[in-house]
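Each number in the numbering used here corresponds to the 1-based position in the sequence shown with 3 added. We put the CB at the ideal spot given by N, CA and C, even for glycine. For clarity, every value in this text was computed on a predicted model and none was experimentally measured. One structure is given below, encoded as structure tokens.
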Amino acid sequence: MAADYVQMARNLEDFYQFKDKVVVFVGAGTKQLLDISRIPKRTIAIDQDVDALQQLRQQVEARHLENVVEIVQSDFFDVPSRGDVVYFEFCLHEMTDPDKALAHAKSLAPDIVVYDHAPGSEWAYLGAEEDKVVRSTQAMERFGIRRREIFRTNQHFKDYAELLAKVSPQGPLAVERAARYASVTGIAIPMGYGLTLL
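Here's what the structure looks like:
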């Protein structure tokens, strides 16, 4: 199911060298593409989702990483922790004010890495997030892009029920858009995603 997370993690590792850096990791409670067990010197893992952070906490404890991973349940705008890089993982487009988020990130670290959906992604459209993606992309362009790479993969679902379970939390428009797959099995939806260094 879903995208090729192994390839996506490899894209991230090739794009930016997190090794031996203090990483302020925003959106850390979701599926992590950054391997916090072997790359950063120290990770400050930030998310607002208590349940997602609890899962992360269990992973950290199981891997004995308590000395190198600090878990912070907070709104990013309230975080004062500084580092070498602020890393946004598929969350900048969800922020109400991405310009403000990038400005705050710059006050915390000299480098900013954004991993997120690319404009024009069919997957972002299906999830009714295309406007958010455009807004966050425009914020990055205003901020000043140092480097950007765009990649392609597919989101895979065995059937409509599995797809519907994934997109339902995105609201009625996403459910409406997913309806065209109602009688389809072996679903593959193109997903564009990008890595940006600011």
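Check whether P101 and R138 have beta carbons under 8 Å apart: For this step, residue 101 is matched to residue 98 along the sequence shown. For this step, residue 138 is matched to residue 135 along the sequence shown. Yes, they are a contact pair.
Any non-hydrogen atom of the ligand MG within 7 Å of G147 CB: Only the bare structure without any ligand can be found here, which leaves the ligand MG out of the picture.
Assumed close pair T188, K169 - CB separation to whole angstroms, cut-off 8 Å: The residue labelled residue 188 in the question sits at position 185 within the sequence shown. The residue labelled residue 169 in the question sits at position 166 within the sequence shown. With a Cβ gap of about 15 Å, T188 and K169 do not count as contacting.
Where M11 falls, given that 16 or more other Cβ within 10 Å makes a residue buried: Numbered from its first residue, the sequence shown carries residue 11 at position 8. Its Cβ being crowded by 16 or more others within 10 Å, M11 is buried.
Contact check, I202 vs S84, beta carbons under 8 Å: In the structure as shown, the chain starts at 4 and stops at 201, and residue 202 therefore has no counterpart that could be examined.
The region 64-71 contacting the region 92-111, beta-carbon criterion three pairs below 8 Å: no
Exposure of D50, with buried meaning 16 or more beta-carbon neighbours within 10 Å: Locating residue 50 in the sequence shown gives position 47, where the first residue counts as 1. Buried is the call here.
The region 55-66 touching the region 114-121, judged by at least three CB pairs closer than 8 Å: no
A104 classed as buried or exposed, judged by whether at least 16 other C-beta atoms fall within 10 angstroms: Counted from its first residue, the sequence shown places residue 104 at position 101. Buried, since its Cβ has 16 or more Cβ neighbours within 10 Å.
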